[in-house]
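K.L.:
Here it is: the structure, laid out below.
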Amino acid sequence: DQQVKQNSPSLSVQEGRISILNCDYTNSMFDYFLWYKKYPAEGPTFLISISSIKDKNEDGRFTVFLNKSAKHLSLHIVPSQPGDSAVYFCAAPHKAGGGATNKLIFGTGTLLAVQP
Amino acid sequence: SQTIHQWPATLVQPVGSPLSLECTVEGTSNPNLYWYRQAAGRGLQLLFYSVGIGQISSEVPQNLSASRPQDRQFILSSKKLLLSDSGFYLCALDRGWPEAFFGQGTRLTVV
């Protein structure tokens, strides 16, 4: 059972345009969501997060939107830059069995290619 | 600041051989530590986590095991590797709730 889903394996966008990466989840108990960015042969780096009590969180060029009724979140990158080309993972913390750890459930990722 | 050291960066091992991947962390004490794996075409999957020395929890049944002999050392092992153990292995620690901070990873290819 995949609780966090990223149905688009890849996305190609022109430099300067908006990139929109989507993520769906099935577990209504999730109360926080994170986006990570990963370059090849490197570990993921934290990008931005959102609490379930909010519907939007913005950090510079990156904005995450949360639609709880639809169990859907999206990451917007505006304007997109070639350096944004990477795999983006959506994740949610899993609290079953105790909330003392940051056990994260990840989606399968979306490869973003920003064309110059 | 916190740092995670993972080695080796890449590893090619024959089927049936043993495995030992080491992760050491700096800049923190008594961290929660995690091993994740990214298999080809898949997301990151949590394999093990540890809340302290000698305390290991397994998230999925598998051919691997983990140990935490010291506060800042987390080891991933296997007695006999399978082809399906190939993947990118990542060590991580908590950086405030709920963010996880990842190391640079080890690319394991089982041949």
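Taken in sequence, the protein lines are chains A and B. Our numbering applies: residue 7 is where the first sequence begins, and numbers increase by one. Our numbering applies: residue 31 is where the second sequence begins, and numbers increase by one. Ideal placement from N, C-alpha and C gives every residue a C-beta, glycine not left out.
1) Would you kindly check if the distance between the Cβ of Asn28 (chain A) and the Cβ of Gln9 (chain A) is under 7 Å?
2) With H, G and I counted as helix, E and B as strand and the rest as coil, what does DSSP make of Pro99 (chain A)?
3) Taking CB distances under 7 Å as the criterion, tell me whether Pro61 (chain B) reaches chain A.
4) Among A:Lys43, A:Thr116, A:Glu21, which residue has its Cα nearest to the Cα of Pro88 (chain A)?
5) Apart from the five residues just before and just after Asn108 (chain A), which ones in its own chain have a Cβ nearer than 7 Å to its Cβ?
6) Run through chain B and tell me which residues come within less than 7 Å of Tyr38 (chain A), C-beta to C-beta.
7) Touch check for the stretch 66–75 of chain A and the stretch 85–93 of chain B: three-plus C-beta pairs under 8 Å?
8) What does DSSP give as the partner residue(s) for Tyr79 (chain B) in the beta ladder?
9) By Cβ distance below 8 Å, which residues in the same chain neighbour Lys11 (chain A) in space, the five residues on each side in sequence not counted?
10) Give me the chain A residues within the contact set of Asp124 (chain B), using Cβ-Cβ distance strictly less than 8 Å, ordered along the chain.
11) Taking 7 Å as the threshold (C-beta atoms), are Arg72 (chain B) and Tyr119 (chain B) in contact?
12) Of all the options B:Ser80, B:Asp101, B:Arg102, which has the alpha carbon lying nearest to the alpha carbon of Ser95 (chain B)?
13) Tell me whether Asp61 (chain A) sits in a helix, a strand or coil according to DSSP, three-state version.
14) Whose C-beta lies closer than 8 Å to the C-beta of Pro48 (chain B) among residues of the same chain, with five residues either side of it excluded?
15) When DSSP labels each residue in this structure, what does Leu113 (chain B) get in the three-state scheme?
P.N.:
Working from what's here:
1) Translated into the one-based positions of the first sequence, residue 9 (chain A) becomes position 3. Translated into the one-based positions of the first sequence, residue 28 (chain A) becomes position 22. In terms of Cβ geometry, Gln9 (chain A) and Asn28 (chain A) do not form a close pair [threshold 7 Å].
2) Taking the first residue of the first sequence as 1, we reach residue 99 (chain A) at position 93. When DSSP states are grouped into helix, strand and coil, Pro99 (chain A) belongs to the strand group.
3) Residue numbering aside, residue 61 (chain B) sits at position 31 when the second sequence is read from its first letter. Chain A contact via Cβ: absent.
4) Counting from one through the first sequence, the residue named residue 88 (chain A) turns up at place 82. Comparing alpha carbon positions, the residue from A:Lys43, A:Thr116, A:Glu21 closest to Pro88 (chain A) is A:Glu21.
5) Here the question's residue 108 (chain A) lines up with position 102 in the first sequence. Taking C-beta separations shorter than 7 Å and ignoring five residues to either side along the sequence, the partners of Asn108 (chain A) in its chain run Pro99, following chain order.
6) Position 32 of the first sequence holds residue 38 (chain A). For the C-beta of Tyr38 (chain A), the chain B residues within less than 7 Å are, from N- to C-terminus, Pro128.
7) Fewer than three pairs of CB atoms, one per stretch, sit closer than 8 Å, so the stretch 66–75 of chain A makes no contact with the stretch 85–93 of chain B.
8) Here residue 79 (chain B) corresponds to residue number 49 of the second sequence, with the count starting at 1. Tyr79 (chain B) is bridged by DSSP to B:Tyr64, B:Ser87.
9) Translated into the one-based positions of the first sequence, residue 11 (chain A) becomes position 5. These residues qualify, in order along the chain: Cys29, Asp30, Tyr31, Thr32, Gly113, Thr114.
10) Mapped onto the second sequence, residue 124 (chain B) falls at position 94. The answer, in chain order, is Thr107, Asn108.
11) One-based indexing of the second sequence puts residue 119 (chain B) at position 89. One-based indexing of the second sequence puts residue 72 (chain B) at position 42. It is not a contact, given that the beta carbons lie outside the stated cut-off.
12) Counted from its first residue, the second sequence places residue 95 (chain B) at position 65. Minimum Cα distance to Ser95 (chain B) is reached at B:Ser80.
13) In the first sequence, residue 61 (chain A) corresponds to position 55, counting from 1. Reduced to three states, the DSSP call for Asp61 (chain A) is coil.
14) The sequence position of residue 48 (chain B) within the second sequence is 18, counting from 1. Same-chain partners within the cutoff: Ser107, Ser108, Lys109, Lys110, Leu111.
15) If you number the second sequence from 1, residue 113 (chain B) lands on position 83. Three-state result, Leu113 (chain B): helix.
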